[in-house]
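Sequential numbering from 1 applies to the sequence shown in full-length UniProt numbering. Here's the structure we're looking at; comments come further down.
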Amino acid sequence: LPSTLCSPHIMQQEIRPLLAVDIIEQLHRQFALLSGGRGKDGAPIITFPECSVFNEVPEEDFLNVVTYLTSIPSMDAASIGFIIIIDRRKDKWSSVKASLSRIAGAFPGNLQLVLVLRPSRFFHRTIADIGIKLHKDDFKMKVVMLNSLSDLHGYVDKGQLTQELGGSLEYCHSQWMQHRTAIENFAMTVKTTAQMLQKFGTDLAETELPNDVQCTKDLLTAHTNKHNNLKDELKLALNQGTTLLGCIKEQAAKSDSHRLNPDEMENQTTVERLLAQLDETENAFEQFWCTHHLKLEQCLQLRHFEQDFREVLNICIVALFVSLLPIEHLLKELKTLEEKAQVKKAQLHALHGDQLIQSNHYAVDSIRPKCVELRRVCDDFSNEAKKKTDVLSKSLQIHMGIDKWCESGIYLLASQAVDKCQSQEGAESALTDIERFLESAEKNQLTELRNLHNQYEVILSEDIKDVQEMFEKRHVSLKRLSAKQTRPVQPVAPRPESSPKRSAKQIYFFLFFCRHIMTELIETERLYVEELQSIMEGYFAELVNSELSHLTPPSLENKRDVLFGNLPEIYEFHNKTFLRELENCAEKPELVGTCFLKRKEELQVYEKYCQNKPRSEVLWRQCGDSLFFQECQKKLDHKLSLDAYLLKPVQRITKYQLMLKEMLKCSKGEGTAELEEALATMLDIVKSVNDSMHQIAITGFEGNLNELGKLLMQGSFNVWTDHKKGHSKVKDLARFKPMQRHLFLYDKMLLFCKKRDETTDGHEKTPSYSFKHLLKMSAVGITENVKGDNKKFEVWYNGREEVYIIQAPSMHVKNMWVSEIRKVLTGQLEACRGPQAAKQPQTITLPPPCSSTTLCCMKCCVSFTRDITGRTPSKKFNFCLISPQNICLKVLGMMSLCVFLVRSGFCLRIVPWVPFLPCVFLIVES
């Protein structure tokens with residue numbers, strides 16, 4: 001088997017080696033054989049048997065076969081050197097010479113000895129003796145001419161020679177080719193299967209967990225189906241390898257005397273090694289899948305828990321607000337509400353959450369606050385339901401009395417004749433009736449009716465207020481009539497009032513959810529501070545405790561700051577400042593955005609902590625299993641080791657923006673603008689932390705990264721290069737084969753790096769970025785659209801001397817990068833404009849038309865030292881040129897150029913083309 005397929009790095013192999021199936025027709029000709037025999041020192045033997053068409057074999061076919069045969073033996077055997085046996089007993093000296101010349105000129109391996117069975121006929125033997133003496137030095141290899149097979153047996157043992165050469169080695173060429181093809185097919189299957197497993201594992205690791213039940217179910221089903229399919233592929237590969245190994249062993253079991261030759265032994269070893277690799281890969285894959293599957297199932301449990309939590313919480317909240325219904329519905333609805341509220345279901349759901357916490361669920365920090373909230377809502381509902389029952393019991397009696405009194409009052413007002421009230425006597429009589437009716441309110445304990453309505457307007461109807469107002473107006477009117485005659489008073493009919501507005505209910509909903517999120521934020525912040533305090537007191541401080549000094553590992557000496565980073569600074573900030581300010585916002589959640597904005601500079605401490613995290617992890621792997629940390633963990637009664645708690649700050653800084661998003665959803669009034677700004681700030685901090693983690697992994701850059709300005713963007717792309725300077729084949733190849741590059745965009749530079757995944761001490765892979773190339777942004781131009789792919793854009797350098805075609809993974813990523821590069825270039829342009837540059841005209845000419853429709857003026861940048869008047873300017877200007885033969889440039893292109901320059905802040909004056917001038921000029925004044 002070729003050594004390239006046996007390499008442990010088969011997954012990194014990019015160039016496919018030469019296989020038997022590629023040269024199957026050439027192998028069928030049998031002009032060169034690898035029978036499996038070995039020399040006395042273990043050197044592999046290649047035989048060139050008698051072949052009448054040997055001289056007609058093309059050079060390429062000869063080289064492919066010889067290269068393939070020399071790649072089959074192991075590296076150790078090949079390093080000894082090959083022995084070549086050329087059988088030309090029935091041929092002429094010319095054939096011998098041609099064979100030796102071909103081998104001397106094209107043999108790719110280490111050649112130890114060439115044994116030639118010379119022509120058997122006397123005449124040709126004599127010519128061969130003379131010819132070898134004359135041309136021996138030309139071949140530059142050790143050649144031995146043999147007269148017979150017995151001479152050959154003096155150099156090579158009979159057991160290592162085939163029957164055609166007087167030996168006992170069994171060799172069947174067709175069977176050899178079948179074995180070679182089967183082994184190589186199996187090796188390619190192993191390689192393909194390993195690549196599929198690696199890609200699937202990468203996809204699983206990069207998958208973001210969904211936020212709802214259905215998507216989580218779909219993801220679990222899709223991943224399970226893919227896992228089952230890959231398991232089937234693994235079984236097929238294992239069956240294929242097992243069958244192949246059985247065939248090889250079956251050949252050795254034909255008879256007791258039969259033994260496998262060295263090549264067959266190597267084939268057997270190769271198949272066994274590939275089967276072992278498949279078995280190890282399957283075991284590792286199953287372990288990873290079990291972990292991922294468990295996490296998906298726990299995620300599904302969490303989503304079910306959250307969904308039930310929202311449903312139960314909404315039912316309880318709605319039940320609390322239904323008391324706004326009129327009094328006549330409350331009695332009927334109260335019993336129904338107690339059933340709908342499902343308090344028992346909420347309590348059971350809280351118990352289910354406790355079970356998830358006890359089972360070490362990965363989302364304990366999210367489940368615990370919800371259990372607390374469920375129990376609080378259940379208690380609130382029970383208390384509120386009791387209050388409602390008491391209110392209804394007390395209000396039912398008074399409500400019935402009020403309805404009866406209101407009906408009597410309305411009837412009295414309607415029955416008073418208007419014409420009788422025109423006289424003083426009639427008015428006094430009506431006034432007496434009204435005063436008597438109002439006195440009846442005292443008997444029914446309905447005094448101060450308006451205050452009563454204002455105090456109990458939730459449970460009282462509008463009728464009492466309306467009747468009170470009507471009686472007051474009628475009472476005033478009748479008093480005037482009884483005092484002196486006036487024009488008749490018209491009776492006042494009760495005026496229907498509109499039903500009370502329900503907008504307060506919606507406002508209360510939003511306020512309730514905001515306070516719920518604020519409560520969760522404060523509770524998780526307290527828990528976070530407590531965990532940081534336990535780390536500081538139980539680990540950080542104990543490192544200088546003399547009583548535990550004998551347990552402290554030597555590798556940790558004077559490296560406390562490496563292991564913990566700036567964790568003391570983070571703890572001080574949260575404990576003394578941030579937690580207190582969040583607690584002050586408990587009753588006013590709308591102020592939380594201002595709290596984050598006020599402390600955005602202090603929150604930058606997480607960037608330093610995350611940059612130190614890789615060093616901390618390396619140190620932890622060296623000393624994490626020491627007795628010191630075991631003793632500290634035992635004292636603190638922590639279920640998890642220290643490295644899990646050192647990950648808390650990284651998790652916490654990413655959780656703030658999630659809570660701000662949720663709070664922004666239910667914020668509709670005061671503080672919304674501050675919340676939006678706070679969310680943008682936290683997203684910027686998370687992005688800055690993430691970018692800095694990538695930046696510290698750059699290797700091979702000899703300069704100072706801090707001098708390149710702010711890191712604006714970073715990401716992986718496919719990159720093609722097309723340079724003016726360089727061999728044409730290189731340019732053609734570059735157009736078709738992309739490079740995988742990780743780009744870092746700074747204010748002053750654009751860095752091209754190659755991403756490498758490094759595995760240290762058997763732990764998970766950590767990416768590093770090997771520096772390859774850089775472009776100064778002061779000499780960079782950009783073409784936003786490339787024909788053929790809307791995800792591509794061009795970055796070119798020094799007037800297109802270097803062109804980089806960059807393919808983004810998505811349109812969104814491309815648009816962000818193009819926008820950011822455009823901002824950098826625009827900023828540089830504005831920075832270069834000074835008061836002097838604004839006064840001096842710049843002469844710009846246009847470039848030759850390009851094959852693409854991209855704006856040509858953006859593609860050239862050369863020095864122009866003389867203007868159209870013949871004077872030499874004091875400084876050089878960038879310009880582009882259109883020669884007369886290219887004057888057919890489309891008018892649209894000219895207009896696009898003018899629009900671009902005008903938008904860039906230039907004033908244009910167009911100088912017409914004159915025949916004696918060598919080019920067309922545009923005079924551009926900044």
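Backbone N, C-alpha and C define an ideal beta-carbon position, used for all residues, glycine too. Given the structure is predicted, the values throughout are model-derived calculations rather than measurements.
Counted within 10 angstroms of its Cβ, other Cβ atoms place residue i as buried (16 or more) or exposed
i           : result
Ser101      : exposed
Ser667      : buried
Arg118      : buried
Ala779      : exposed
Gln240      : buried
Asn790      : exposed
residue 955 : Not covered by the structure: residue 955. The range shown for the chain is 1 to 926.
Ala20       : buried
Ser99       : buried
Lys859      : Low confidence applies to Lys859: its pLDDT is 33, below 50, so where it sits in the model is not reliable enough to give any reading.
Ser95       : buried
Per DSSP, cross-strand counterpart(s) of residue i
i           : result
Asn718      : Gln740, Gln807
Val116      : Ile86, Met145
Asp789      : Val786
Ser366      : BP columns for Ser366 are empty, so no partner.
residue 933 : The question about residue 933 has no answer here: the residues shown for the chain are numbered 1 through 926.
Leu169      : Thr162
Leu111      : Phe82
Ile46       : Ile84
His723      : Glu802
Range of the contiguous beta strand (DSSP E) that encloses residue i
i      : result
Gly781 : 780–783
Met749 : 749–758
Glu794 : 792–797
Pro767 : 766–776
Ile23  : No beta strand (DSSP E) holds Ile23; DSSP gives it neither H nor E.
Phe54  : Element bounds for Phe54: n/a, residue is neither H nor E.
Proximity below 7 Å, CB of residue i to CB of residue j
i      : j      : result
Val213 : His352 : no
Ile84  : Ile46  : yes
Tyr571 : Met518 : no
Ala106 : Gly81  : no
Gly593 : Glu674 : yes
Ser692 : Gln611 : yes
Cys632 : Glu531 : no
Thr552 : Phe628 : yes
Gly36  : Asn261 : yes
Val605 : Asn566 : yes
Ile72  : Phe48  : no
Gly159 : Ser150 : no
Trp796 : Val786 : no
Where the alpha helix (DSSP H) through residue i begins and ends
i           : result
Phe62       : 59–71
residue 931 : No information on residue 931 is available, as it lies outside the stretch 1 to 926 that the chain covers here.
Gly105      : 93–106
Met659      : 648–665
Tyr539      : From DSSP, Tyr539 is part of no alpha helix (DSSP H); its letter is neither H nor E.
Arg560      : 560–564
Thr594      : 592–598
Residue i versus residue j: straight-line alpha-carbon distance, rounded
i      : j      : result
Thr70  : Glu264 : 15 Å
Ala363 : Leu302 : 8 Å
Asp157 : Asn147 : 17 Å
His223 : Glu286 : 13 Å
Glu384 : Cys378 : 10 Å
Lys737 : Trp720 : 7 Å
Thr126 : Asp91  : 13 Å
Glu784 : Phe793 : 5 Å
Ile821 : Lys772 : 20 Å
Cys832 : Lys823 : 14 Å
Gln298 : Cys290 : 12 Å
Pro210 : Thr216 : 5 Å
Residue i: CB within 6 Å of a non-hydrogen atom of the ligand GTP
i      : result
Leu244 : No copy of the ligand GTP appears in this structure; indeed no ligand is present at all.
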